[in-house]
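First to last, the sequence lines map onto chains A, B, C and D. All residue numbers for the first sequence refer to the working numbering, where the first residue is 636 and numbers rise by one. All residue numbers for the second sequence refer to the working numbering, where the first residue is 636 and numbers rise by one. All residue numbers for the third sequence refer to the working numbering, where the first residue is 636 and numbers rise by one. All residue numbers for the fourth sequence refer to the working numbering, where the first residue is 636 and numbers rise by one. Okay, structure first, notes after.
Protein chains: 4
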Amino acid sequence: MEKESASKKADEYFDKSVSERERAIFEGAITLGAIYHQFTGVPISSDPRVVKAVEQAIKLTMELQPYKEEVEVKINKDQIKEATEEPYNYDTLKGSTMEVRVTAKYGNARATVTMKHIPGLNYDLMFIERVTM
Amino acid sequence: MEKESASKKADEYFDKSVSERERAIFEGAITLGAIYHQFTGVPISSDPRVVKAVEQAIKLTMELQPYKEEVEVKINKDQIKEATEEPYNYDTLKGSTMEVRVTAKYGNARATVTMKHIPGLNYDLMFIERVTM
Amino acid sequence: MEKESASKKADEYFDKSVSERERAIFEGAITLGAIYHQFTGVPISSDPRVVKAVEQAIKLTMELQPYKEEVEVKINKDQIKEATEEPYNYDTLKGSTMEVRVTAKYGNARATVTMKHIPGLNYDLMFIERVTM
Amino acid sequence: MEKESASKKADEYFDKSVSERERAIFEGAITLGAIYHQFTGVPISSDPRVVKAVEQAIKLTMELQPYKEEVEVKINKDQIKEATEEPYNYDTLKGSTMEVRVTAKYGNARATVTMKHIPGLNYDLMFIERVTM
């Protein structure tokens with residue numbers, strides 16, 4: 636199917652009152668929810684090769700989702716154990732060990748949505764960092 | 636932490652230009668992405684007890700996410716194998732075998748966002764079905 | 636495909652030296668790994684309806700995997716927050732908040748394999764609790 | 636904790652009749668179940684950078700699990716769409732698009748366990764390819 640026609644066909648399902656800003660926010664938010672629930676639980680260590688491989692895999696796969704302009708993933712190595720030769724000594728990826736920033740663009744609108752652990756809330760907060768039109 | 640203060644603290648992270656409609660859309664979209672990436676891959680059969688248990692677990696857990704008013708999940712039994720005594724005869728849950736509708740409410744705005752397989756797109760489309768303010 | 640022939644076809648892929656005990660252990664272990672990596676990250680609260688729904692969904696879906704005789708899941712409510720009306724106050728399911736016991740039967744052998752948090756190891760240990768033949 | 640003592644502490648939870656072969660099979664099988672249920676659903680395209688990043692992330696993270704000697708992951712690019720500029724044109728990772736081989740070593744035993752789609756079974760079969768002692 637042509638790009639033009641696939642986009643148009645999809646757009647028909649959306650409430651007609653939805654603005655370009657709203658659509659960009661929608662597309663970004665889906666990817667935040669997706670990253671958290673797809674990748675938490677992955678075994679991890681502070682080894683830079685492991686950390687880099689996971690950051691890269693999340694970024695490149697999630698940028699395939701519709702209307703993504705950029706996905707940035709930063710895993711906080713300081714919060715992760717250094718794996719040793721011991722068999723039971725490694726960590727698993729948690730929402731609180733990563734910071735994720737997704738930029739989605741739809742039409743002339745661009746939304747940057749972010750996931751970050753907020754100690755004062757004791758929660759991995761997802762929020763709309765910036766929307767421009 | 637008091638409800639009031641937790642909400643307020645979180646709100647401070649959001650771009651000040653974000654409207655109540657935009658916030659409701661944002662909160663709904665996160666949950667669509669979350670459901671797809673958390674639950675696809677779960678073994679499933681057309682046995683009504685199994686189907687009901689999965690629908691119920693998705694609904695009740697995902698309604699815990701912030702600002703959810705209702706999560707509705709409908710697994711299409713007709714697309715799922717009837718499990719038999721054979722050991723390798725069952726299905727796994729796919730985006731295309733479920734229809735999900737999430738209603739999020741923030742302030743005076745309410746957004747209903749939906750995931751549904753669209754045969755013409757060959758895609759499990761997530762879209763904003765309705766926003767009201 | 637007939638039960639007999641599906642099982643036989645699958646068996647041909649296995650190393651001929653594999654015993655019935657070994658096969659039962661293999662089938663049980665797959666399901667332990669599956670449960671941990673499929674379900675951690677699910678939102679949860681100490682509400683008995685939520686806890687019951689998740690336990691039931693894990694049990695009924697994972698019993699569909701080959702050669703499972705029984706899957707038992709116990710979520711430890713005492714380690715989970717009571718969700719309130721606050722939007723950011725709930726937990727997510729972790730390996731350490733559940734205890735899982737899978738019994739697999741192959742031929743005359745039966746293996747019970749278990750996942751349980753071991754405080755002294757600071758690890759959600761998966762182990763072979765009992766094998767009989 | 637010392638390597639020696641962590642291993643020993645864990646071993647105490649295992650049924651005393653478990654052989655080194657059985658233990659190697661157990662440790663390998665957990666990782667097969669884990670890979671399938673952690674990574675299916677990840678967006679993917681046939682772009683070699685994307686494919687390589689996912690293969691590498693699965694390998695490096697899953698080799699952290701206990702008693703893993705090697706994890707090999709091969710994604711079959713021929714079964715995956717080439718992503719284009721169209722927003723809804725990409726694939727998601729399925730059990731049937733990857734072949735996974737895990738080698739676990741415990742004591743003097745080594746088990747190679749494999750996941751591979753078997754067209755005749757219409758199933759992503761996990762099997763014990765080879766055990767040596």
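Ideal Cβ placement from N, Cα and C applies to all residues, glycine included.
Starting from residue i, trace the beta strand (DSSP E) both ways and give me its first and last residue.
{"i": "Tyr671(C)", "result": "First-last for Tyr671(C): Glu655 to Phe674, but that is the alpha helix (DSSP H), not the beta strand (DSSP E)."}
{"i": "Glu707(D)", "result": "Lys703 to Ile710"}
Since residue i sits in a beta bridge, which residues does DSSP pair it with?
{"i": "Phe762(B)", "result": "Thr749(B)"}
{"i": "Tyr648(D)", "result": "According to DSSP, Tyr648(D) bridges with nothing at all."}
{"i": "Ala744(B)", "result": "Tyr741(B)"}
{"i": "Asp726(B)", "result": "Ile679(B)"}
{"i": "Thr719(D)", "result": "DSSP output for Thr719(D) lists no bridge partner at all."}
Considering only C-alpha positions, which residue in the set the options is nearest to residue i?
{"i": "Asn743(A)", "options": "Ile660(A), Tyr648(A) and Asp650(A)", "result": "Ile660(A)"}
{"i": "Gln714(B)", "options": "Glu690(B), Ile693(B), Ile679(B) and Glu698(B)", "result": "Ile679(B)"}
{"i": "Phe762(A)", "options": "Gly730(B), Asp646(B) and Ile670(B)", "result": "Asp646(B)"}
{"i": "Pro701(C)", "options": "Ile665(B), Ala718(B) and Thr732(B)", "result": "Ala718(B)"}
{"i": "Thr696(B)", "options": "Leu699(C), Val689(C), Ala669(C) and Ser654(C)", "result": "Val689(C)"}
{"i": "Leu728(B)", "options": "Gln673(B), Val677(B), Ile665(B) and Asp650(B)", "result": "Val677(B)"}
{"i": "Lys643(B)", "options": "Pro722(C), Leu699(C) and Ile693(C)", "result": "Pro722(C)"}
{"i": "Glu698(B)", "options": "Asp650(B), Lys687(B) and Val706(B)", "result": "Val706(B)"}
{"i": "Met768(D)", "options": "Val653(C), Tyr648(C) and Phe649(C)", "result": "Val653(C)"}
{"i": "Lys712(C)", "options": "Lys651(C), Thr732(C), Thr666(C) and Arg736(C)", "result": "Thr732(C)"}
{"i": "Lys694(C)", "options": "Arg736(C), Lys651(C), Glu764(C) and Asp650(C)", "result": "Arg736(C)"}
Excluding the 5 residues preceding and the 5 following residue i in the sequence, name in chain order all residues of the same chain whose CB lies nearer than 6 Å to its CB.
{"i": "Glu734(C)", "result": "Lys709 and Lys751"}
{"i": "Glu704(B)", "result": "Thr738 and Lys740"}
{"i": "Ala641(D)", "result": "none"}
{"i": "Phe649(B)", "result": "none"}
{"i": "Met636(C)", "result": "Any reading at Met636(C) needs caution, since the residue's pLDDT is 47, under 50, leaving its predicted position unreliable; the model's value is listed next. Here the set comprises nothing."}
Can you find the residues in the same chain that come closer than 8 Å, C-beta to C-beta, to residue i, ignoring five residues on each side of it along the sequence?
{"i": "Asn757(C)", "result": "none"}
{"i": "Asp766(D)", "result": "For the sequence presented, residue 766(D) should be read as Val rather than Asp. Around Val766(D): Arg656, Ala659, Ile660, Ala744, Arg745, Ala746 and Thr747."}
{"i": "Gly755(A)", "result": "none"}
{"i": "Gly730(B)", "result": "Tyr671, Thr675, Met750, His752 and Asp759"}
{"i": "Lys716(D)", "result": "Ser680, Ser681, Asn724, Tyr725 and Asp726"}
{"i": "Glu662(A)", "result": "Gln700, Pro701, Tyr702, Lys703, Ala739, Tyr741 and Ala746"}
{"i": "Pro683(A)", "result": "Lys712"}
Terminal residues of the continuous alpha helix (DSSP H) containing residue i?
{"i": "Lys740(D)", "result": "Premise fails: Lys740(D) lies in the beta strand (DSSP E), Met733 to Tyr741, not in any alpha helix (DSSP H)."}
{"i": "Ile693(D)", "result": "Pro683 to Met697"}
Closer than 7 Å by C-beta to residue i: which residues in its own chain qualify, once you throw out the five before and the five after it? Chain order, please.
{"i": "Val685(D)", "result": "Ile679"}
{"i": "Leu667(A)", "result": "Val735, Val737, Val748, Met750 and Met761"}
{"i": "Lys651(D)", "result": "none"}
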